[in-house]
Amino acid sequence: MRFILIDKIVSMQSRKEIITVKNVTLAEEYLADHFPTFPVLPGVLLLEGLIESASWLVREAENFAHSIILLEEARNVKYKSFLAPGSGIVYTVQAKAIEENVSSFTGFGLSDGQQIIEAKFALRHFNLAEKDSALSDVDSQIIENMKTRFKLLKG
Amino acid sequence: MRWIWIDKFIEFQSGDHAVAVKNVTLAEEHLHDHFPGFPIMPECLLIEAMAQTAGILVGEAKNFKEKVILAKIKKCVFFDYVKPGDSIKIHAKIESIAPEAASTSGKITCEDKLIAQIELMFSHIDQNLAGKQFPKENFVFTDMFRSLLRGMVLTRPDCDTPKSEQP
Amino acid sequence: MARSREEILKEVQQVLVDALGVDDDEITTDATLMGDLGAESIDFLDIVFRLEKAFAIKIPREELFPAESLMNNPNFISNGKLTKSGLEELRNKMPHTDISKFQNDPDINKLGDLFTVNAIVNYLEKKLNAA
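Going line by line, the protein sequences match chains V, U and S.
Counting in my numbering, the first sequence runs from 41 upward without gaps.
Counting in my numbering, the second sequence runs from 637 upward without gaps.
Counting in my numbering, the third sequence runs from 14 upward without gaps.
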């Protein structure tokens, strides 16, 4: 499985808001386990869709200054309905604040107008070289990779 | 990729708390996207490891009669990250349990490091979500999950005789 | 264990801030859980669990939020509104709520508006001081 939980960036307002989409298909292998006879996208992967969307807002805002962006905290993440194969979801994420090493967001996902997920969360962003200068090449590699992925998602 | 994020239970006190273990290995393909050149177990999958540990704990408390689904992540905080070669322990505790839902708290550790604190709410979906149709059988607790408890002696705090999970 | 209304309100406000992710200044006494604070059914359960822990009491859900038994009984509902016996049942089951406005137009879709911060404080005050 490729660990990329959004398919396309639909629109982006720098430092403010991003809208992305993900298609769900039975070809996604983990659906066979979640659940057999009732395949639905796992809730944590819906959250990952919001996290990835927010990460692109950060990367674009800081001009890809940092390689690693991780979830620091999430609160009141509510799962309101199920998302089945054959459906798609539209994620909308709004930035509350984007600072140098931390950022905070609210986000939600809709499928055919129905609410699927909403969340409040914060990310942290850093370079590996900050702790170990020998890893600065790794940082560069990750950043280049992310730039390529960004181009692919923006279309 | 199989959707199972814990490898085994090392402690299981029925209706109260449990501890599960997960090994993280480079053989897990998704790590190579997160991130390319520096694999880290994604935080959302740490949440899922907790959801599965706590979900089985809640499900077992009702003899797997209920379809237990993650309904809300009350709060989760991450203090450090997890890499291939690490083995994490997922500690889950039932805070409250009612016919329609359950609330759990817990933490994830790696050796002596605190990785995360995670509080969840589960819904017993046949008791909620009126109007939605679900398959009759308990599709949540498959053999894959129940096999994790096989051979475990499940202690209960209020009785002397431990019960063991039937194969 | 007896508690003053202020103490109860403060504790309820903290529970709602944590359960609903809203700011404290949004939690006025008249605020409705569903309309103003965005609470949904899973949040109602979260709130009950947190209140049970905070006040060390058991709160049967039908006592604090009994709307479901009302909604499911055909004797109590007619044409989307509560009947006379429905209103009577409401008065008996939810003495902690203020139904003075609701009874003028007992639309079942507006039942949720009865669940205010005040209603929770009233319920807890009664329960804690009776113990």
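Don't be surprised by glycine CBs; every beta carbon is placed ideally from N, CA and C.
Name the one or two DSSP bridge partners that residue i has.
| i | result |
| --- | --- |
| Lys-743/U | His-727/U and Gln-753/U |
| Gly-147/V | Val-133/V and Ala-159/V |
| Lys-711/U | Arg-115/V and Glu-755/U |
| Ser-732/U | Ser-739/U |
| Arg-164/V | Leu-110/V and Val-142/V |
| Gln-769/U | BP columns for Gln-769/U are empty, so no partner. |
| Asn-63/V | Gly-128/V |
| Gln-181/V | None; Gln-181/V has no bridge partner. |
| Glu-57/V | Gln-53/V and Gln-134/V |
| His-760/U | Val-704/U |
| Gln-154/V | Ser-151/V |
| Ser-91/S | Lys-94/S |
Please report how far the alpha carbon of residue i lies from the alpha carbon of residue j, in whole angstroms.
| i | j | result |
| --- | --- | --- |
| Phe-645/U | Gln-154/V | 37 Å |
| Asp-796/U | Ile-724/U | At Asp-796/U the pLDDT is 48, less than 50, meaning the model places this residue with poor confidence; the figure from the coordinates comes in the next sentence. Distance between the alpha carbons of Asp-796/U and Ile-724/U: 30 Å. |
| Met-41/V | Leu-790/U | 34 Å |
| Asp-118/S | Glu-101/S | 14 Å |
| Ser-198/S | Phe-115/S | Because chain S is modelled from 14 through 144, residue 198/S falls outside the range shown and cannot be assessed. |
| Ser-54/S | Ile-705/U | 14 Å |
| Arg-55/V | Met-780/U | 43 Å |
| Lys-23/S | Ser-17/S | 10 Å |
| Ala-690/U | Gly-83/V | 15 Å |
| Phe-166/V | Ile-90/S | 58 Å |
| Asn-63/V | Ile-44/V | 12 Å |
| Phe-57/S | Ala-69/S | 18 Å |
| Gly-721/U | Lys-71/S | 45 Å |
| Asp-643/U | Leu-693/U | 15 Å |
| Ala-738/U | Asp-152/V | 30 Å |
| Ser-51/V | Ile-59/V | 5 Å |
| Leu-150/V | Tyr-131/V | 7 Å |
| Leu-50/S | Ile-709/U | 18 Å |
| Arg-638/U | Arg-99/V | 31 Å |
| Glu-747/U | Ser-144/V | 30 Å |
| Leu-29/S | Glu-39/S | 10 Å |
| Ser-244/V | Leu-95/S | For chain V, the structure presents residues 41 to 195; residue 244/V sits outside this window and is missing. |
| Val-603/U | Phe-148/V | For chain U, the structure presents residues 637 to 803; residue 603/U sits outside this window and is missing. |
| Ile-761/U | Phe-75/V | 14 Å |
| Gln-181/V | Thr-188/V | 11 Å |
Report, in whole angstroms, the separation of the C-beta atoms of residue i and residue j, which I expect to be a contact under 8 Å.
| i | j | result |
| --- | --- | --- |
| Ala-44/S | Val-130/S | 5 Å |
| Pro-771/U | Phe-122/V | 13 Å between Cβ atoms; not a contact. |
| Leu-87/V | Val-117/V | 6 Å |
| Ile-640/U | Leu-682/U | Not really, about 14 Å apart at Cβ, beyond 8 Å. |
| Ile-129/V | Ile-156/V | 6 Å |
| Pro-672/U | Asn-185/V | 5 Å |
Is it right to say residue i is buried, meaning 16 or more other beta carbons lie within 10 angstroms of its own, or is it exposed?
| i | result |
| --- | --- |
| Asp-59/S | buried |
| Lys-66/S | exposed |
| Ser-173/V | exposed |
| Gln-688/U | buried |
| Leu-97/V | buried |
| Gln-26/S | buried |
| Arg-104/S | exposed |
| His-703/U | For the sequence presented, residue 703/U should be read as Lys rather than His. So Lys-703/U ends up on the buried side. |
| Lys-749/U | exposed |
| Val-67/V | In the sequence on display, residue 67/V carries Ala and not Val. Result: exposed. |
| Pro-678/U | buried |
| Phe-714/U | buried |
| Arg-786/U | exposed |
Can you list, in chain order, the stretches of the alpha helix (DSSP H) that have 4 or more residues and sit fully within the region 71–136 of chain V?
-> 83–101
Can you list the alpha helix (DSSP H) stretches of 4 or more residues lying completely in the region 644–700 of chain U, in chain order?
-> 679–697
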